[in-house]
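Participant:
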Amino acid sequence: MPFAESFQTTLKNNKTIMTDKSKHFKKTLGGFEWSGKNQFDFPEATPQQLKEIRESIQKENRLKNVKLFFILFVIGVTALLCLILLF
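For the sequence shown, the numbering used here puts the final residue at 143, and the numbers step up evenly by one.
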């Protein structure tokens, strides 16, 4: 039956083009091994490093929120002025 052969060929081709998902983790800081019990070996962080990371992320989030507020404020004022000028 040509349908079954076509189906099998399609499945085979799809399997060959699938990527190996472990490639994404090979170059990360923690590493990746198939043989080990723990596949990820993340480095230990000191409390001081964690505090610095936390503070930098909070600072980035504050800046992002201020920028977003400013952009939305400008868009809102512009829309309001357009509505006032139209009527």
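Glycine included, C-beta positions come from ideal geometry on N, C-alpha and C.
(1) Look up Thr65 in the DSSP assignment and say whether it is helix, strand or coil.
(2) Report the three-state DSSP secondary structure of Pro58 (helix, strand or coil).
(3) Work out the CA separation of Leu128 and Ser62 for me, nearest whole Å.
Facilitator: Taking the definition as stated:
(1) It is helical.
(2) Of the three classes helix, strand and coil, the one that applies to Pro58 here is helix, per DSSP.
(3) 54 Å
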